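Asks: Next up is a structure, given as structure tokens.
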Amino acid sequence: MLVLTLPDGATRVVAPGTLPRDVVAGIGAGLLRAAIAVAVNGEVQDLMTPLRTGGGFVVLTNKDPRALAVLRHSGAHILATAVRRLRPDAQIGFGPAIDDGFYYDFGVSKPFTPDDLAEFEAEMQKVVAGKFPFVREEVTRSQALQRFSDDPLKLERIADLGDDEVISTYADGPFTDLCRGPHVPDTGYVRHFRLLHTAGAYWRGDEKRPMLQRIYATAFFSKEELDRHLHQLEEARRRDHRVLGKALDLFHFFPVSPGAAFWTARGTTLYNTLVDFVRERQRDDFLEVKTPLLYQKALWEQSGHWGKYRENMFLVHNSETGEHDMSLKPMNCPSHYVHYNVAKHSYRELPIRYVTFDVLHRNELSGALSGLTRVRQFAQDDCHVFLAESQVADEVRFLTHFILGYYETFGLTATLKFATRPPERIGSDELWDRAEGALRKALEGTGRPYELKEGDGAFYGPKIDFDVTDSIGRAWQLGTIQLDYNAPERFDLEYVGADNAMHRPVVIHRAVSGSFERFIAILIEHFAGAFPLWLSPEQVRVLPISDDLAPDAGLVVRALKDAGVRAHLDARNETLNYRIRDGEVMKTPYMAVVGKREAEQGTVAIRARGTGAKQTVMPVAEFVARVRAEIVSRALPGGFGAGG
RNA sequence: GCCACAGUAGCUCAGUGGUAGAGCACCCGAUUCGUAAUCGGGCGGUCGUCGGUUCAAUCCCGACCUGUGGCUCCA
Numbered sequence: 003m004l005v006l007t008l009p010d011g012a013t014r015v016v017a018p019g020t021l022p023r024d025v026v027a028g029i030g031a032g033l034l035r036a037a038i039a040v041a042v043n044g045e046v047q048d049l050m051t052p053l054r055t056g057g058g059f060v061v062l063t064n065k066d067p068r069a070l071a072v073l074r075h076s077g078a079h080i081l082a083t084a085v086r087r088l089r090p091d092a093q094i095g096f097g098p099a100i101d102d103g104f105y106y107d108f109g110v111s112k113p114f115t116p117d118d119l120a121e122f123e124a125e126m127q128k129v130v131a132g133k134f135p136f137v138r139e140e141v142t143r144s145q146a147l148q149r150f151s152d153d154p155l156k157l158e159r160i161a162d163l164g165d166d167e168v169i170s171t172y173a174d175g176p177f178t179d180l181c182r183g184p185h186v187p188d189t190g191y192v193r194h195f196r197l198l199h200t201a202g203a204y205w206r207g208d209e210k211r212p213m214l215q216r217i218y219a220t221a222f223f224s225k226e227e228l229d230r231h232l233h234q235l236e237e238a239r240r241r242d243h244r245v246l247g248k249a250l251d252l253f254h255f256f257p258v259s260p261g262a263a264f265w266t267a268r269g270t271t272l273y274n275t276l277v278d279f280v281r282e283r284q285r286d287d288f289l290e291v292k293t294p295l296l297y298q299k300a301l302w303e304q305s306g307h308w309g310k311y312r313e314n315m316f317l318v319h320n321s322e323t324g325e326h327d328m329s330l331k332p333m334n335c336p337s338h339y340v341h342y343n344v345a346k347h348s349y350r351e352l353p354i355r356y357v358t359f360d361v362l363h364r365n366e367l368s369g370a371l372s373g374l375t376r377v378r379q380f381a382q383d384d385c386h387v388f389l390a391e392s393q394v395a396d397e398v399r400f401l402t403h404f405i406l407g408y409y410e411t412f413g414l415t416a417t418l419k420f421a422t423r424p425p426e427r428i429g430s431d432e433l434w435d436r437a438e439g440a441l442r443k444a445l446e447g448t449g450r451p452y453e454l455k456e457g458d459g460a461f462y463g464p465k466i467d468f469d470v471t472d473s474i475g476r477a478w479q480l481g482t483i484q485l486d487y488n489a490p491e492r493f494d495l496e497y498v499g500a501d502n503a504m505h506r507p508v509v510i511h512r513a514v515s516g517s518f519e520r521f522i523a524i525l526i527e528h529f530a531g532a533f534p535l536w537l538s539p540e541q542v543r544v545l546p547i548s549d550d551l552a553p554d555a556g557l558v559v560r561a562l563k564d565a566g567v568r569a570h571l572d573a574r575n576e577t578l579n580y581r582i583r584d585g586e587v588m589k590t591p592y593m594a595v596v597g598k599r600e601a602e603q604g605t606v607a608i609r610a611r612g613t614g615a616k617q618t619v620m621p622v623a624e625f626v627a628r629v630r631a632e633i634v635s636r637a638l639p640g641g642f643g644a645g646g
């Protein structure tokens with residue numbers, strides 16, 4: 003007999019082979035109606051799969067994220083069902099649930115069009131309406147091979163299954179798929195779904211294998227959740243930095259230099275303001291250095307990049323040697339190592355933190371380029387720390403604090419990930435053991451929770467990644483702290499210890515923004531273009547109500563500029579309404595209107611971004627002081643007079 | 001790099017096998033305005049590039065370039 007322990011501690015004793023459905027029914031009819039699947043000892047299985055083991059028994063309802071994954075997986079089968087009905091020759095690949103929904107890969111002679119999606123979606127509705135039960139069947143290998151004899155992709159999958167693995171199929175109505183499950187009880191459960199888009203995807207993610215057609219979709223338990231998700235997609239589109247970048251006149255891309263932005267004056271102001279901020283934060287504890295952009299390949303051979311990353315470097319033809327034996331730097335690390343070696347260092351100097359804001363080039367695949375988030379030319383707020391091994395814990399604590407403080411300025415929250423040695427790496431296992439041990443200990447010393455990402459480290463060392471969440475809940479991997487025991491070996495880095503002997507320092511690679519380009523893209527989307535005052539390219543726009551007041555408005559602009567505020571006069575021959583609208587569309591934080599009354603009294607009528615006609619009149623001097631204070635405090639949107 | 005889709009004025013987009021149109025922006029004029037688009041006029045396009053089909057191509061076909069969504073990659 004099997005003993006099942008419910009979450010409240012109660013137990014049920016059942017015979018092996020009992021259906022979870024019957025156990026759930028025994029607990030309550032209402033619960034059975036709400037049940038999507040069950041988790042036995044943490045393993046999710048469906049209601050119709052006979053119980054084999056006892057243990058913890060949790061009924062998963064639509065409130066459980068694991069149930070949502072089951073629902074979406076079933077959605078993928080329904081999609082395949084519909085596609086098979088309409089395109090009988092479509093070969094079926096994989097169809098898993100993913101973070102925001104599910105997809106299914108098909109091998110078809112003719113790729114899907116957007117019109118096909120509408121057709122498939124309509125067919126899926128019919129499958130859902132049919133309320134076909136998902137019927138699980140366990141089959142032998144030969145039965146499976148026979149059943150999927152027309153599906154080469156499935157045959158390959160079967161061939162990969164180990165001898166001890168149970169092979170199961172799931173049928174929903176006319177369609178049967180090789181599948182481990184679990185599934186919802188019947189197709190009628192998947193009511194709220196939407197097919198989103200198609201894309202090519204290599205079979206099993208291998209670029210040497212055939213390209214399949216993937217259909218992305220999402221599904222939820224309720225219409226409200228689906229609508230909310232679709233709305234969020236819409237919101238993300240509305241905030242798209244490529245669209246806002248154009249609309250707010252920040253940057254442009256031109257085919258003459260794919261993957262490299264042309265920053266406008268406004269965009270450059272934003273960019274420089276950000277860099278200035280980072281500079282200021284690093285003034286006391288970091289050393290900013292400049293290094294060359296172009297290097298002999300010998301440097302990359304020494305660093306170990308030449309072998310693996312040459313393809314991603316821009317090689318430069320050297321007319322003297324006739325070879326492409328120089329390259330634009332794709333990262334700053336090796337140049338900092340060279341820098342470190344210009345002098346002998348004492349243990350008293352450590353840690354030494356070099357920072358550089360130079361332009362970097364990486365020859366990304368053309369298909370990978372995307373707005374500012376994936377570019378070929380960018381700059382990092384890149385730092386390399388040279389320190390004694392005994393200083394690692396203190397340094398990691400310092401850098402973690404430094405990085406988190408930076409994100410806070412923008413209202414971004416971060417979570418930490420610890421990534422260990424990847425399969426492809428340089429350096430001995432002993433070195434990796436030490437590096438991982440030291441970094442993990444340092445990370446735990448910070449007292450912050452973290453997630454483990456096995457095998458996701460850099461090729462030269464383990465790392466801590468900082469994932470930030472933006473204002474609409476999307477996660478971005480930004481900062482990183484990478485421990486490197488290899489570079490000091492390769493570059494023969496040394497310091498003189500208290501014992502007057504030579505020692506090997508450790509290197510820490512640290513980035514906070516990742517690249518400024520990508521970080522600005524994130525900020526644009528995070529703030530939907532309505533930047534905090536201190537970051538706004540244009541902080542105040544001064545509007546005279548009529549021409550004859552332009553000189554008075556000019557005095558206000560002067561006063562603001564003298565106080566270091568980025569202010570502009572808009573005395574264009576347009577109505578006030580027109581200019582107000584333009585200022586709002588450009589997300590100008592403050593508009594200062596100067597009419598006859600204000601000119602006479604030395605005041606301005608302030609309209610804060612997004613607050614409509616709710617204006618505040620105040621003396622010019624007071625306005626300047628308040629703007630200054632808000633800039634200096636780097637307040638998030640919603641400063642005095644409110645408005646974001 | 002691979003698959004699919006797209007490229008028409010500075011921007012957003014309509015349109016056609018017989019060499020093109022709107023709104024906004026820009027320029028000029030009128031208007032001088034109290035918180036989200038004043039009115040009129042004008043300028044502006046080798047219809048991404050190159051080749052093919054055709055009497056004729058912006059339109060059909062092919063290649064290339066660039067972008068978009070993915071895949072792959074991401075030091």
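Numbering (my numbering), first residue to last: 3 to 646.
Just so it is clear, CB atoms sit at the ideal spot from N, CA and C, and this is done for glycine as well.
Treat the numbers as computed from the prediction; the structure is a model and nothing was measured.
Taking the C-alpha atoms as reference points, what is the distance between Glu410 and Thr471?
Replies: For Glu410 and Thr471, the distance between alpha carbons rounds to 11 Å.
Asks: Give the DSSP-derived three-state secondary structure of Arg216 in the structure shown.
Replies: Arg216 falls in the strand class under three-state DSSP.
Asks: So what does DSSP say about Tyr204, is it helix, strand or coil?
Replies: Strand at Tyr204.
Asks: In this structure, does DSSP put Tyr497 in helix, strand or coil?
Replies: Residue state, collapsed to three classes: strand.
Asks: For the putative contact between Gly463 and Gln479, defined by C-beta atoms under 8 Å, what is the C-beta separation to the nearest angstrom?
Replies: About 17 Å separates the two Cβ atoms, so there is no contact after all.
Asks: Considering only DSSP beta bridges, list what His2 is partnered with.
Replies: The shown model of the chain, from 3 to 646, leaves out residue 2, and the question about it has no answer.
Asks: Between His231 and Thr220, which are expected to be in contact by the criterion C-beta below 8 Å, what is the C-beta distance as a whole number of angstroms?
Replies: 6 Å between Cβ atoms; contact.
Asks: Where does Leu53 sit, in a helix, a strand or coil, going by DSSP?
Replies: It is coil, neither helix nor strand.
Asks: With which residues is Cys385 paired in a DSSP beta bridge?
Replies: Per DSSP, Val357 and Arg512.
Asks: Report the start-end ranges of each alpha helix (DSSP H) in the stretch 212–258 that is 4 residues or longer and not cut off at the edges.
Replies: Within the stretch 212–258, the complete alpha helix (DSSP H) runs of at least 4 residues are 225–240 and 243–249.
Asks: Exposed or buried, which one is Thr142 when buried takes at least 16 other CB atoms within 10 Å?
Replies: Looking at its Cβ environment, which holds fewer than 16 other Cβ atoms inside 10 Å, Thr142 is exposed.
Asks: Sort Gly604, Met588, Arg350 and Gly449 by Cα distance to Glu496 and report the nearest one.
Replies: It is Arg350.
Asks: Given this structure, state the Cα-to-Cα distance separating Lys616 from Pro539, to the nearest angstrom.
Replies: Cα to Cα, the separation comes out at about 23 Å.
Asks: Taking a contact to mean a Cβ-Cβ separation below 9 Å, would you say Ala37 touches Val61 in this structure?
Replies: Yes, Cβ-Cβ distance for Ala37 and Val61 is below 9 Å.
Asks: What residue does the alpha helix (DSSP H) around Lys292 start on, and which one ends it?
Replies: Run containing Lys292: none; DSSP gives neither H nor E here.
Asks: Should Gln541 be labelled buried (16 or more other beta-carbon atoms within 10 Å of its own) or exposed?
Replies: Counting Cβ neighbours within 10 Å, Gln541 comes out buried, since at least 16 surround it.
Asks: Closest to Val595 by C-alpha separation, out of Leu545, Lys112, Ala569 and Leu551, would be which residue?
Replies: Of Leu545, Lys112, Ala569 and Leu551, the residue nearest in Cα terms is Leu545.
Asks: Tell me whether His347 sits in a helix, a strand or coil according to DSSP, three-state version.
Replies: Of the three classes helix, strand and coil, the one that applies to His347 here is coil, per DSSP.
Asks: In or out: Lys331 buried (at least 16 other Cβ within 10 Å) or exposed?
Replies: Burial call: buried.
Asks: Should Asp564 be labelled buried (16 or more other beta-carbon atoms within 10 Å of its own) or exposed?
Replies: With fewer than 16 other Cβ atoms within 10 Å, it is exposed.
Asks: Where does Asp661 sit, in a helix, a strand or coil, going by DSSP?
Replies: The requested residue 661 is not part of the displayed model; the chain covers only 3 to 646.
Asks: Alpha carbon to alpha carbon, how far is Asn334 from Val340?
Replies: Taking the straight line from one Cα to the other gives about 10 Å.
Asks: For Val40 versus Pro18, is the C-beta spacing smaller than 9 Å?
Replies: Not a contact, by the Cβ cut-off of 9 Å.
Asks: Would DSSP call Leu8 helix, strand or coil?
Replies: Correct three-state label for Leu8: coil.
Asks: List the DSSP bridge partners of Thr471.
Replies: Answer is Thr415 and Ala477.
Asks: Can the beta-carbon of Phe108 be found closer than 9 Å to that of Arg206?
Replies: Taking 9 Å as the Cβ cut-off, Phe108 and Arg206 do not qualify as a contacting pair.
Asks: Please report the Cβ distance between Phe288 and Arg355, rounded to the nearest whole angstrom; I am assuming they are in contact, meaning their Cβ atoms lie under 8 Å.
Replies: Their Cβ separation, rounded to whole angstroms, is 4 Å, which keeps Phe288 and Arg355 in contact under 8 Å.
Asks: What are the uninterrupted segments assigned as alpha helix (DSSP H) that are 4 or more residues long and contained completely in the stretch 10–84, given in chain order?
Replies: Entirely contained in the stretch 10–84, the alpha helix (DSSP H) runs reaching 4 residues are, in chain order, 22–29 and 31–36.
Asks: Spatial neighbours of Val619 within its chain, please: C-beta separation below 6 Å, excluding the five flanking residues on both sides.
Replies: Thr605 and Ala607, listed in sequence order.
Asks: According to DSSP, is Tyr106 part of a helix, a strand, or is it coil?
Replies: Of the three classes helix, strand and coil, the one that applies to Tyr106 here is strand, per DSSP.
Asks: Per the DSSP calculation, Arg196 is bridged to which residue(s)?
Replies: DSSP lists Thr220 as partners of Arg196.
Asks: Can you tell me where the beta strand (DSSP E) holding Pro621 begins and where it ends?
Replies: Where Pro621 is concerned, the enclosing beta strand (DSSP E) stretches over Thr618 to Pro621.
Asks: Which term fits Ala489, buried or exposed, when burial requires 16 or more other beta carbons within 10 angstroms of its beta carbon?
Replies: Classification for Ala489: buried.
Asks: Between the beta-carbon of Thr448 and the beta-carbon of Val398, is there less than 9 Å?
Replies: The answer is yes: Cβ separation under 9 Å.
Asks: Please tell me whether Leu557 and Ile633 are closer than 9 Å, where the distance is taken between their beta carbons.
Replies: For Leu557 and Ile633, no; Cβs fall outside 9 Å.
Asks: Let me make sure I understand the geometry here. Which of Ser144, Ala161, Ile100 and Thr178 has the alpha-carbon closest to that of Arg138?
Replies: The candidate whose alpha carbon is nearest that of Arg138 is Thr178.
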